[in-house]
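*Asks:* Sending over a structure as structure tokens; questions will come in a sec.
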Amino acid sequence: AQKVTQAQTEISVVEKEDVTLDCVYETRDTTYYLFWYKQPPSGELVFLIRRNSFDEQNEISGRYSWNFQKSTSSFNFTITASQVVDSAVYFCALSEASAGNMLTFGGGTRLMVKP
Amino acid sequence: SQTIHQWPATLVQPVGSPLSLECTVEGTSNPNLYWYRQAAGRGLQLLFYSVGIGQISSEVPQNLSASRPQDRQFILSSKKLLLSDSGFYLCAWGGDGNSPLHFGNGTRLTVT
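What follows is the structure, encoded as structure tokens:
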């Protein structure tokens, strides 16, 4: 069965600090997809990134970067120079190719960025 | 472009009352549709998904039901709400394969 673990339930940083959100997954499929979503205080879930299991290249988008390592079954998310607007709950999610786009979510990490 | 609408945004209902939450998608046809629930301070739990009109799969046995009367309409219902039904309900749509899910703004349900 697939499983996603976000061990950090809550992280608090001061603005401009870098912060890494951890995500560890379990799956028996060789083809799967990993996602990160952001949930700001307003509640909606905003899609950030999707990665497939065959693409281990790290990705950078502005202040955001993602480190995918199959050897450790991890898909970590780093925010560089954090800002107050980054305060949100961040969810990591997994879908197996055989399951279409049914996502299994981790428990989420609440990030608080203080000015 | 595709958009997803979900209403109402907030709802306070007494125990034992019925529930109907509605979700519609625009700008796409034959989407996969999903209902998720997020209990306070918890992660997201998949409740129902649908790959087509009239096709509903339930992930968790519970007090709730879902229906898809039209291609882009997904409804979450209950005949009698329980206190444990309180939470944040999110509707989502996805395309083929493993495209990302796109979520509505959610409905915050409080059962009193």
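Residue numbers (the numbering used here), protein chains in the order written: chain A, -3 to 111; chain B, 2 to 113.
Backbone N, C-alpha and C fix where the C-beta goes; we use that ideal spot for every residue, glycine too.
#1: Which word fits GLN65 of chain A, buried or exposed, when buried means at least 16 other C-beta atoms lie within 10 angstroms of its C-beta?
#2: Given 7 angstroms as the limit, tell me if THR1 of chain A has its C-beta closer than that to any heavy atom belonging to the ligand GDP.
#3: Interface residues of chain A around PRO101 of chain B at Cβ under 7 angstroms?
#4: Quick one: grab the DSSP three-state call for LYS66 of chain A.
#5: Using DSSP bridges, identify the partner residues of GLN39 of chain B.
#6: Round the Cβ separation of GLY114 of chain B and GLU40 of chain A to the nearest angstrom and send it over; I've been treating them as touching at under 8 angstroms.
#7: Assuming PRO112 of chain A and VAL80 of chain A make a contact with CB atoms under 8 angstroms, what is their CB distance in whole Å?
#8: Assuming contact is defined by CB atoms lying nearer than 8 angstroms, are SER21 of chain B and ILE76 of chain B in contact in what I supplied?
#9: Count the other C-beta atoms from every protein chain shown that fall within 10 angstroms of the C-beta of ALA89 of chain A, then say buried if there are 16 or more, exposed otherwise.
#10: Name the DSSP bridge partner or partners of MET108 of chain A?
#11: Excluding five sequence neighbours on each side, which residues of the same chain lie with their C-beta closer than 8 angstroms to the C-beta of CYS19 of chain A?
#12: Could you check the C-alpha separation between GLY58 of chain A and VAL9 of chain A for me, to the nearest Å?
#13: To the nearest angstrom, how far is it from the Cα of LYS81 of chain B to the Cα of THR11 of chain B?
#14: When DSSP labels each residue in this structure, what does SER51 of chain B get in the three-state scheme?
#15: Check whether chain B comes within 8 angstroms of MET98 of chain A, counting only Cβ atoms and requiring the distance to be less than that.
*Replies:* Put simply:
#1: exposed
#2: In terms of ligand content, the structure shown is empty, and the ligand GDP therefore cannot be addressed.
#3: PHE31, PHE43, ARG46
#4: helix
#5: B:LEU45, B:PHE89
#6: This structure gives no information on residue 114 of chain B, because the portion of chain B shown stretches from 2 to 113.
#7: For residue 112 of chain A there is no data in the structure shown, the boundaries of chain A being -3 and 111.
#8: yes
#9: buried
#10: A:SER8
#11: VAL0, THR1, GLN2, LEU30, TRP32, SER70, PHE71, ASN72, PHE73, CYS88, GLY102
#12: 19 angstroms
#13: 18 angstroms
#14: strand
#15: yes
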